[in-house]
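K.L.:
Chains as they are written, first to last, in the working numbering: chain A, 1 to 421; chain B, 1001 to 1421.
Where is the CB? At the ideal position from N, CA and C, for every residue including glycine.
From a predicted model like this one, the values you see are computed outputs, not experimental measurements.
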């Protein structure tokens, strides 16, 4: 089935906000087996909304509108939809009660007319109860087409899509079961991965597809299975799930060095869990990453249980003073060298009193490159005080990317060290 | 004049990439005096492109297409435009020569057919020379309407918009001069600022408008002036610029405590420049921000000239060991207290050997709140060893926002301290 997305709001047309909603909605619709054939944005006027709606309904069976349902705005969307579908408005009591209860809970007076305004809904609409905000979603049907209107606030839209719209669409347009499984990898590019798993990919049955979803330093591998037969039984989805789980295990076994997690795992969360499990304290000594690794680690709630702290030593002096790196090492090999990161890692264990440390030193750029050490050269070391491993990377010329890639590759080096030690 | 944006590519419709191009283009067109009345995205097929184009041309005088011009893709956009405008294709020699010269420069063989393919252009198009990539832009005119096609790679699109499209549009649709000026503020909300500058705003002449552009912890104030008379002279734009400069000075004088810069300034760059100017070394002692402040400071190239390093002390032990915070202080007042951040700031000066330090300690959340110190409570201190100032903030419940706001407010506290000491 085809879907069309229509976003409403001048703030998108003047470029004040970037429309992240429609990419999120497209992914969710795709995962559920619906094809988004187009999307457009129109301004906050009845004429523009009706034009956009007609255009969308002429192309797709499902139209999803977002925006224009806020409490402080002149609520043009709701009025326009009522007019378009020839519907009266009526108070939706459950929505009104929810809003009143919410203001009672936060001990603020209900602003005059807010409840009445937000709970007034075209009678032809099915109400999609918004449990995370005040503006409900609306579901209209006409001549076999579905038109859904949702608030534009991202987490309210996401709640309503997940809890209401996708389940209802699946019921309204039943199709074959679709199942997705995702593996998270780090440290190898798309084309290298493709070479390594060529045989696996070629041997996949035609109802299972593999997608490569790359981001900086990481590639997600997503398997999508569609039930292969016309006939769908009660246990078809469970059978398909089992089949994909088996394929996922096969795939993970082919890439043990780069697979770090599944579905929505992040590297810093996976690493935190390993540290918790092993009962290890971890600390970092950063030069070129300048605190980025510490920031990644402490972005996870509860990180204080395994991450007591970190030092950022940009200067030679602090490398020596805080980490005990020998002046001779810095003089002879330079700050960006295997010798220096090994001493930094050792120093971090002593200074921070941790079990495991990561040290990173490199040339983030854009300046500071040397003939034998171009911008993007980064050395890193992981140590437990007895064993130390090192790695050298030569990234590119972009300072921000070099910092981010160093952080991601550094955390992955720690993860690999912990799996072996 | 009205403009319509049309993005081409399945990767947008499946939600694989977020369309940041159209927000950027909308802002630039708005700044140049053009109104974007709608935007839409279509898939990589000739039918979808032609439908989208007809729809766009029926609504606006200017249509700008992006995407579908890559060298590795089946170049459906160019062929479709040639067909739509009834134009033959021909080789554009300057484009071909540029591509050949580029591959010679990077010492790689020109891939077969790439030059011919990229340099083949519909003869009815004016070529917009792409000096930062291989796919040129194209400018078509028909029945008074302008249709421009640009590559989708953001920095190529941005180059062509700035260097070619905006200047040509201004010439093709001459209007009254428009001038913009932006002030950057930090640490006060939109509504408070509005109250403080109410008289200024009310006294603005009708041809100058003020816009509030908020982001986390910061608000940009943009003045837009449009030449007030029908008659435009050679020096009209210069006169308008002078008028706006004067207004900007008036506005900045009303908000000396929160204005930190102009146009595209960032807080960390402005702070870096002040430190360089004063010849001061600066260091940070972070608890709840966990390295985020260090990351902000070191995101600026050349930061090593004034930022030798930083410590992240999440644990009580490291606060004592690395910063000399007294155990009694931690016991009596807790890690999140004025007493502790004052000792952390003092300790940072000694440990890091810097002239100025910033210390931050707070409860980032989502857990860890206390009855008298809810999640979001953050203490910060700035010291030069002799004088120390402190600030208390109570932000919200979101961990990521608390970390970011603490960093931004912390850097601003340093900036204010430096202006007075």
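(1) Going straight from the alpha carbon of residue 1251/B to that of residue 1197/B, what length do you get?
(2) Starting from residue 1359/B and walking both ways along the alpha helix (DSSP H), at which residues does that stretch end?
(3) Using a Cβ-Cβ cut-off of less than 7 Å, list which residues of the region 1152-1181 of chain B approach chain A; keep chain order.
(4) How far does the alpha helix (DSSP H) with residue 1345/B in it extend, from its first residue to its last?
(5) How would you write the range of the beta strand (DSSP E) that residue 1091/B sits in, first residue to last?
(6) Label residue 350/A either buried or exposed according to how many other C-beta atoms from any shown protein chain fall within 10 Å of its C-beta, with 16 as the threshold for buried.
(7) Is the beta carbon of residue 1134/B closer than 8 Å to that of residue 1099/B?
(8) Contact criterion: CB-CB distance below 8 Å. Does residue 14/A meet it with respect to chain B?
(9) If the cut-off is 9 Å on Cβ atoms, which residues from the region 1395-1409 of chain B count as contacting chain A, listed in chain order?
(10) Expressed to the nearest angstrom, what Euclidean distance is found between the alpha-carbon atoms of residue 1001/B and residue 1172/B?
(11) On the CB-based measure, 16 or more other CB atoms within 10 Å of its CB, does residue 1394/B come out buried or exposed?
(12) Can you check the region 1356-1406 of chain B for any beta strand (DSSP E) of at least 3 residues that lies completely inside it and give the ranges in chain order?
(13) Take residue 214/A as the anchor and find which of 195/A, 233/A, 223/A, 186/A has the nearest alpha-carbon.
(14) Are the CB atoms of residue 1136/B and residue 1092/B within a distance shorter than 8 Å?
(15) Going along the region 357-370 of chain A in order, which residues come within less than 9 Å of chain B, judged by CB to CB distance?
(16) With residue 1027/B as the anchor, note down where its beta strand (DSSP E) starts and where it stops.
(17) Grab me the residues of residue 368/A's own chain with a C-beta within less than 7 Å of its C-beta, minus the 5 sequence neighbours each way, in chain order.
(18) Kindly indicate which residue of 254/A, 345/A, 239/A, 65/A has the alpha-carbon position closest to the one of residue 165/A.
(19) Give me, in chain order, the residues of the same chain whose beta-carbon lies closer than 6 Å to that of residue 1082/B; leave out the 5 immediate sequence neighbours on both sides.
(20) Beta-carbon within less than 7 Å of residue 200/A's beta-carbon, same chain only, minus the 5 sequence neighbours each way: which residues are those?
(21) Where residue 1307/B and residue 19/A are concerned, what is the direct C-alpha to C-alpha distance, given to the nearest angstrom?
(22) Less than 6 Å between C-beta atoms, sequence neighbours within five positions excluded: which residues of the same chain meet that for residue 179/A?
(23) Is the distance from the Cβ of residue 312/A to the Cβ of residue 286/A below 8 Å?
(24) Along the alpha helix (DSSP H) that carries residue 320/A, what are the first and last residues, could you check?
(25) So, is residue 1246/B buried or exposed, given that buried needs 16 or more other C-beta atoms within 10 angstroms?
(26) Kindly indicate which residue of 1381/B, 1142/B, 1012/B has the alpha-carbon position closest to the one of residue 1347/B.
(27) Counting only Cβ-Cβ distances shorter than 9 Å, please list the residues of the region 26-45 of chain A near chain B, keeping chain order.
(28) Terminal residues of the continuous beta strand (DSSP E) containing residue 185/A?
(29) Rounding to the nearest angstrom, what Cα-Cα distance links residue 1365/B and residue 177/A in this structure?
(30) Kindly list, in the order they appear in chain A, the residues whose Cβ is closer than 8 Å to that of residue 1317/B.
(31) Got a sec: does the ligand ZN put a non-hydrogen atom nearer than 7 Å to the Cβ of residue 189/A?
(32) Starting from residue 1237/B, follow its DSSP beta bridges and name the residues at the other end.
(33) Would you call the region 318-332 of chain A in contact with the region 290-303 of chain A, where contact means no fewer than 3 C-beta pairs closer than 8 Å?
(34) Alpha carbons only, please: which of 27/A, 96/A, 354/A, 373/A is nearest the one belonging to residue 335/A?
(35) Quick check: residue 119/A and residue 138/A, are their CB atoms within less than 8 Å of each other?
(36) Could you confirm whether any beta carbon from chain B is found closer than 8 Å to the beta carbon of residue 299/A?
P.N.:
Walking through what the data contain:
(1) 8 Å
(2) First-last for residue 1359/B: 1356-1362, but that is the beta strand (DSSP E), not the alpha helix (DSSP H).
(3) none
(4) 1338-1352
(5) 1089-1091
(6) exposed
(7) yes
(8) yes
(9) 1399, 1400, 1403
(10) 11 Å
(11) exposed
(12) 1356-1362, 1377-1383, 1388-1394
(13) 186/A
(14) yes
(15) 364, 365, 366, 367, 368
(16) Run containing residue 1027/B: none in the beta strand (DSSP E); it sits in the alpha helix (DSSP H), 1021-1031.
(17) 375
(18) 65/A
(19) 1089, 1122
(20) 250, 251, 254
(21) 37 Å
(22) 225, 240, 241, 244
(23) yes
(24) 316-323
(25) exposed
(26) 1381/B
(27) 26, 27, 28, 29, 30, 35, 36, 37, 38, 39, 40, 41, 42, 43
(28) 178-186
(29) 40 Å
(30) 308, 353
(31) This structure simply doesn't include the ligand ZN, nor any ligand for that matter.
(32) Answer is none; residue 1237/B lacks a bridge partner.
(33) no
(34) 373/A
(35) no
(36) yes
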